[in-house]
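What follows is a single structure, written as C-alpha coordinates, with notes after it.
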Amino acid sequence: MSQRGPLVSVIVAAYNQEKFIGRCLRSLLHQTIPHENYEIIVINDGSTDRTPYALELFHDAIHPITNETNIGLPASINRGIMAARSPYIVRVDSDDYVNQNFLNFLHFYLDQNQYADAVACDYLLVNDAEEVLERANCMDHPIACGIMFRRQHLIDIGMYDESFRCHEDQDLRIRFEKKYSISRLELPLYRYRRHENNITSDSAAMEHHRQNLIRKHGPDSGQ
(Lines of atoms letter the chains of each structure in order from A and count residues from 1; the text may use other names and numbers.)
(Lines give C-alpha, C1' and ligand atoms only; values in the text may rest on other atoms or scores of the structure.)
Protein backbone atom coordinates (compact mmCIF):
# COMPACT_ATOMS: atom_id res chain seq x y z
CA MET A 1 0.00 0.00 0.00
CA SER A 2 1.48 3.37 -0.98
CA GLN A 3 2.17 5.92 1.72
CA ARG A 4 0.76 9.43 1.30
CA GLY A 5 3.39 10.97 3.52
CA PRO A 6 5.75 10.27 6.39
CA LEU A 7 4.46 8.72 9.61
CA VAL A 8 6.87 10.61 11.86
CA SER A 9 8.54 14.02 11.69
CA VAL A 10 11.80 14.44 13.59
CA ILE A 11 12.61 18.05 14.45
CA VAL A 12 16.22 19.10 15.04
CA ALA A 13 17.06 22.74 15.77
CA ALA A 14 20.75 23.56 15.39
CA TYR A 15 22.73 26.62 16.40
CA ASN A 16 26.53 26.42 16.04
CA GLN A 17 26.63 22.64 16.35
CA GLU A 18 29.26 21.79 13.73
CA LYS A 19 30.91 19.39 16.16
CA PHE A 20 27.89 17.22 16.94
CA ILE A 21 25.20 17.65 14.26
CA GLY A 22 26.70 14.97 12.00
CA ARG A 23 26.56 12.35 14.78
CA CYS A 24 22.97 13.32 15.51
CA LEU A 25 21.83 13.01 11.90
CA ARG A 26 23.70 9.76 11.24
CA SER A 27 21.88 8.16 14.17
CA LEU A 28 18.56 9.37 12.76
CA LEU A 29 19.34 8.05 9.30
CA HIS A 30 20.14 4.57 10.62
CA GLN A 31 16.72 3.75 12.04
CA THR A 32 14.89 0.44 11.83
CA ILE A 33 11.81 2.22 10.49
CA PRO A 34 11.89 2.55 6.66
CA HIS A 35 13.28 5.87 5.41
CA GLU A 36 10.14 6.72 3.49
CA ASN A 37 8.14 6.55 6.74
CA TYR A 38 9.82 9.50 8.42
CA GLU A 39 11.23 12.93 7.66
CA ILE A 40 14.04 14.82 9.37
CA ILE A 41 13.40 18.56 9.58
CA VAL A 42 16.55 20.49 10.52
CA ILE A 43 16.28 24.16 11.40
CA ASN A 44 19.60 26.01 11.13
CA ASP A 45 18.98 28.84 13.56
CA GLY A 46 21.34 31.46 12.15
CA SER A 47 24.52 29.49 12.85
CA THR A 48 27.80 31.39 12.42
CA ASP A 49 30.12 28.35 12.44
CA ARG A 50 30.37 25.48 9.93
CA THR A 51 26.95 24.04 10.75
CA PRO A 52 25.62 24.98 7.26
CA TYR A 53 28.47 23.03 5.65
CA ALA A 54 27.79 20.03 7.92
CA LEU A 55 24.12 20.09 6.93
CA GLU A 56 25.00 20.29 3.25
CA LEU A 57 26.59 16.85 3.58
CA PHE A 58 23.11 15.48 4.39
CA HIS A 59 21.12 17.60 1.93
CA ASP A 60 19.54 14.60 0.19
CA ALA A 61 18.30 13.09 3.44
CA ILE A 62 16.90 16.04 5.37
CA HIS A 63 14.37 18.82 4.98
CA PRO A 64 16.39 21.97 5.83
CA ILE A 65 14.95 25.23 7.10
CA THR A 66 17.28 28.21 7.46
CA ASN A 67 16.72 31.14 9.81
CA GLU A 68 18.68 34.11 8.49
CA THR A 69 19.16 35.30 12.08
CA ASN A 70 19.10 33.49 15.41
CA ILE A 71 15.46 33.45 16.57
CA GLY A 72 15.89 30.99 19.45
CA LEU A 73 15.10 27.35 20.10
CA PRO A 74 11.32 27.54 20.76
CA ALA A 75 10.62 29.65 17.66
CA SER A 76 12.77 27.32 15.55
CA ILE A 77 10.98 24.23 16.80
CA ASN A 78 7.62 25.86 16.09
CA ARG A 79 8.75 26.43 12.49
CA GLY A 80 9.54 22.72 12.32
CA ILE A 81 6.17 21.70 13.74
CA MET A 82 4.34 23.83 11.19
CA ALA A 83 6.45 22.41 8.35
CA ALA A 84 5.91 18.80 9.45
CA ARG A 85 3.85 16.54 7.19
CA SER A 86 3.17 13.69 9.60
CA PRO A 87 0.79 13.08 12.52
CA TYR A 88 3.62 12.40 14.98
CA ILE A 89 6.33 14.80 16.12
CA VAL A 90 9.52 14.03 18.05
CA ARG A 91 12.28 16.42 18.95
CA VAL A 92 15.99 15.52 19.03
CA ASP A 93 18.63 18.01 20.15
CA SER A 94 21.41 18.65 17.65
CA ASP A 95 24.14 17.56 20.08
CA ASP A 96 22.39 14.31 21.07
CA TYR A 97 21.84 11.03 19.25
CA VAL A 98 19.51 8.04 19.41
CA ASN A 99 19.28 4.26 19.36
CA GLN A 100 18.40 2.66 16.01
CA ASN A 101 14.97 1.60 17.37
CA PHE A 102 14.11 5.08 18.65
CA LEU A 103 11.53 6.05 16.01
CA ASN A 104 10.19 2.56 15.46
CA PHE A 105 9.38 1.83 19.11
CA LEU A 106 7.94 5.25 19.97
CA HIS A 107 5.78 5.31 16.84
CA PHE A 108 4.59 1.73 17.41
CA TYR A 109 3.57 2.62 20.96
CA LEU A 110 1.43 5.58 19.91
CA ASP A 111 0.05 3.84 16.86
CA GLN A 112 -1.08 0.83 18.89
CA ASN A 113 -2.36 2.78 21.90
CA GLN A 114 -4.86 5.32 20.67
CA TYR A 115 -5.54 6.43 24.25
CA ALA A 116 -1.92 7.63 24.57
CA ASP A 117 -1.41 11.31 23.80
CA ALA A 118 2.41 11.23 23.87
CA VAL A 119 5.18 8.83 24.87
CA ALA A 120 8.63 9.50 26.32
CA CYS A 121 11.52 7.05 26.49
CA ASP A 122 14.23 6.68 29.10
CA TYR A 123 17.70 7.92 28.16
CA LEU A 124 21.39 7.39 28.73
CA LEU A 125 23.44 10.33 29.91
CA VAL A 126 26.73 10.34 27.97
CA ASN A 127 29.86 12.50 27.84
CA ASP A 128 31.65 13.89 24.79
CA ALA A 129 33.43 10.57 24.29
CA GLU A 130 29.98 8.89 24.24
CA GLU A 131 30.77 6.99 27.43
CA VAL A 132 27.61 6.18 29.38
CA LEU A 133 27.50 8.05 32.68
CA GLU A 134 24.13 6.81 33.87
CA ARG A 135 20.66 5.73 32.80
CA ALA A 136 17.79 8.08 33.59
CA ASN A 137 14.07 7.59 34.08
CA CYS A 138 12.34 10.06 31.73
CA MET A 139 9.56 10.72 34.24
CA ASP A 140 11.77 11.26 37.29
CA HIS A 141 14.29 13.35 35.32
CA PRO A 142 12.43 14.72 32.28
CA ILE A 143 14.25 16.32 29.37
CA ALA A 144 12.98 18.25 26.36
CA CYS A 145 13.63 15.53 23.79
CA GLY A 146 12.82 11.88 23.26
CA ILE A 147 9.07 12.51 23.54
CA MET A 148 6.82 11.65 20.62
CA PHE A 149 3.69 13.79 20.46
CA ARG A 150 0.62 13.74 18.30
CA ARG A 151 1.17 16.85 16.18
CA GLN A 152 -2.41 18.07 16.49
CA HIS A 153 -2.13 18.10 20.29
CA LEU A 154 0.94 20.38 20.12
CA ILE A 155 -0.90 22.76 17.81
CA ASP A 156 -3.95 22.60 20.08
CA ILE A 157 -2.01 23.87 23.11
CA GLY A 158 -0.28 26.62 21.13
CA MET A 159 3.08 24.87 20.58
CA TYR A 160 6.17 26.37 22.27
CA ASP A 161 6.07 29.75 24.02
CA GLU A 162 8.70 31.65 22.05
CA SER A 163 9.44 34.04 24.94
CA PHE A 164 11.23 31.20 26.77
CA ARG A 165 14.84 30.91 25.55
CA CYS A 166 15.32 28.05 28.04
CA HIS A 167 12.87 26.07 30.19
CA GLU A 168 10.70 26.09 27.06
CA ASP A 169 10.18 22.35 27.50
CA GLN A 170 8.93 22.74 31.08
CA ASP A 171 6.45 25.40 30.03
CA LEU A 172 5.21 23.21 27.16
CA ARG A 173 4.93 20.16 29.42
CA ILE A 174 2.91 22.03 32.05
CA ARG A 175 0.45 23.25 29.43
CA PHE A 176 0.35 19.87 27.65
CA GLU A 177 -0.39 17.90 30.82
CA LYS A 178 -3.29 20.16 31.74
CA LYS A 179 -5.19 18.54 28.87
CA TYR A 180 -3.20 15.46 27.82
CA SER A 181 -0.88 12.87 29.31
CA ILE A 182 2.62 11.55 28.58
CA SER A 183 3.24 7.81 28.83
CA ARG A 184 6.60 6.21 29.59
CA LEU A 185 8.40 3.65 27.43
CA GLU A 186 10.83 1.97 29.81
CA LEU A 187 13.66 1.66 27.29
CA PRO A 188 16.77 3.90 27.08
CA LEU A 189 16.45 4.86 23.41
CA TYR A 190 17.79 8.42 23.66
CA ARG A 191 21.38 9.56 24.24
CA TYR A 192 21.58 12.85 26.14
CA ARG A 193 25.00 14.43 25.86
CA ARG A 194 26.39 16.35 28.82
CA HIS A 195 29.12 18.84 27.92
CA GLU A 196 30.28 22.34 28.79
CA ASN A 197 28.42 24.03 25.95
CA ASN A 198 24.96 22.83 27.01
CA ILE A 199 22.55 25.75 27.24
CA THR A 200 21.73 24.48 30.74
CA SER A 201 25.26 25.55 31.74
CA ASP A 202 24.25 29.22 31.49
CA SER A 203 23.04 29.66 35.07
CA ALA A 204 22.01 33.32 34.70
CA ALA A 205 19.80 32.63 31.70
CA MET A 206 18.35 29.54 33.35
CA GLU A 207 17.42 31.53 36.46
CA HIS A 208 15.85 34.34 34.40
CA HIS A 209 13.58 31.92 32.57
CA ARG A 210 12.87 29.95 35.77
CA GLN A 211 11.44 33.15 37.23
CA ASN A 212 9.34 33.59 34.06
CA LEU A 213 8.07 30.03 34.52
CA ILE A 214 7.07 30.79 38.11
CA ARG A 215 5.29 33.99 37.07
CA LYS A 216 3.36 32.12 34.40
CA HIS A 217 2.53 28.87 36.19
CA GLY A 218 3.02 29.45 39.92
CA PRO A 219 5.76 28.71 42.50
CA ASP A 220 5.78 24.92 42.07
CA SER A 221 6.66 25.16 38.38
CA GLY A 222 10.18 26.48 38.98
CA GLN A 223 11.40 23.54 41.02
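Residues 145 to 367 in the numbering used here are what the sequence shown lists, from first letter to last.
Ideal Cβ positions, reconstructed from N, Cα and C, are used throughout, including at glycine.
These figures come from a predicted structure and were not determined experimentally.
- Asp313 is classed as buried because its beta carbon has at least 16 other beta carbons within 10 Å across all chains shown.
- Take the alpha-carbon of Leu254 and the one of Gln175: they are about 17 Å apart.
- Secondary structure in the segment 197-237: the beta strand (DSSP E) runs of 3 residues or longer, each lying completely within the stretch, are 207-211 and 232-235 in chain order.
- Of Arg335, Asp193, Gly190 and Phe202, the smallest CA-CA separation from Ile184 is found for Phe202.
- In the three-state scheme derived from DSSP, where H, G and I count as helix and E and B as strand, Leu329 is classed as strand.
- For Tyr253, the uninterrupted alpha helix (DSSP H) segment begins and ends at Phe246 to Gln256.
- Closest in alpha carbon position to Ala158, among Asn181, Asn214, Asp204 and Ile177, is Asn214.
- At the C-beta level, Arg235 and Pro150 stay beyond 9 Å of one another.
- Here DSSP, grouped into helix, strand and coil, assigns Leu173 to helix.
- Classified as exposed, Gln256 has fewer than 16 neighbouring CB atoms from the shown chains inside 10 Å of its CB.
- In this structure Asn211 touches Ile187 by the C-beta definition: roughly 7 Å separates them, less than 8 Å.
- Here DSSP, grouped into helix, strand and coil, assigns Cys265 to strand.
- In this model, Leu277 and Arg335 are separated by some 11 Å (Cα to Cα).
- Three or more beta-carbon pairs separated by less than 8 Å link the segment 158-174 to the segment 192-208, which places the two stretches in contact.
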